[in-house]
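Visitor: Residue numbers for the sequence shown, in UniProt numbering: 1 to 151. We put the beta carbon where it would ideally sit given N, CA and C, even for glycine. For reference, the structure I am asking about is given below.
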Amino acid sequence: MPRTPDWTIPALLALLLVPWSVQVFSGRDATFVFAWGLLNTNPLQVTNLYDFLFVYTMGLPEYIYSWPLSVVLYVFAVGFAVIAPTVGYEDRRVVAGLLATAGVAQLSFAQGFSFQPGRTAWPVGTVLMLGIAAYIYGIGRNTERDRSSEN
């Protein structure tokens, strides 16, 4: 069975520290979108994901829902990477697939935001998630080949 690389969990947890999307409003201020919430620069303010979705906003545009969807997929990827080895079912393809799908959802989020006049979104999370997913998938394939050639 394809094993997940040992550094997968630290790499996945590191995604909590970097913005998944950087949204710039006409070049004057920015909002950093993380898995856990938003960091606004003007005024300096933090809003967690729950408050953004259920307290402060009503009638959200459809593209916004790509953000919590990507967070759910990310949580599943982390959960699978943590729990699967303990129950004897470890498969790098599941983690890589969930993470890649979360990255595509983040791209949809950034694209929806960028269609609005005077706004640009940089999908940093998409690049990182797809890169980590490709590495998880690729390194596992190389490890399997190395093991099979030894036998």
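1) Assign Arg92 to one of three DSSP states: helix, strand, or coil.
2) Please classify Phe54: is it buried, with 16 or more other beta-carbons within 10 angstroms of its beta-carbon, or exposed?
3) Does Pro19 pass the burial test, meaning 16 or more other C-beta atoms within 10 Å, or should it be called exposed?
4) Select from Ala30, Trp36, Thr126 the residue whose C-alpha is nearest the C-alpha of Pro43.
5) Which partner residues of Leu38 appear in the DSSP bridge assignment?
6) Relative to the C-alpha of Phe109, which candidate in Leu128, Gly37, Gly138, Ser21 has its C-alpha closest?
7) Rounded to the nearest angstrom, what separates Thr41 and Leu15 at their Cα positions?
8) Taking buried to mean at least 16 other C-beta atoms within 10 Å of its own C-beta, is Met58 buried or exposed?
9) Would you kindly work out how many angstroms separate the C-alpha atoms of Val75 and Thr120, rounded to a whole number?
10) Hey, could you find the ends of the alpha helix (DSSP H) residue 184 is sitting in?
Guide: So, from the data block:
1) Translated into the one-based positions of the sequence shown, residue 92 becomes position 92. Reduced to three states, the DSSP call for Arg92 is helix.
2) Position 54 of the sequence shown, counting from 1, holds the residue named residue 54. Phe54 is exposed by the Cβ-count criterion.
3) On the sequence shown, position 19 is the one that residue 19 refers to. Its Cβ being crowded by 16 or more others within 10 Å, Pro19 is buried.
4) Residue 43 sits at position 43 when you count from the first residue of the sequence shown. Checked all of Ala30, Trp36, Thr126; the closest Cα to Pro43 is Ala30.
5) Taking the first residue of the sequence shown as 1, we reach residue 38 at position 38. According to DSSP, Leu38 bridges with Val33, Thr47.
6) Mapped onto the sequence shown, residue 109 falls at position 109. The candidate whose alpha carbon is nearest that of Phe109 is Ser21.
7) Numbered from 1 along the sequence shown, position 41 holds the residue referred to as residue 41. Numbered from 1 along the sequence shown, position 15 holds the residue referred to as residue 15. In this structure, the alpha-carbon of Thr41 lies about 20 Å from that of Leu15.
8) The sequence position of residue 58 within the sequence shown is 58, counting from 1. Its Cβ having fewer than 16 others within 10 Å, Met58 is exposed.
9) Taking the first residue of the sequence shown as 1, we reach residue 75 at position 75. Taking the first residue of the sequence shown as 1, we reach residue 120 at position 120. Their Cα atoms are separated by approximately 27 Å.
10) Summary: the structure shown does not reach residue 184, with the chain confined to residues 1 through 151, and so no result is reported for it.
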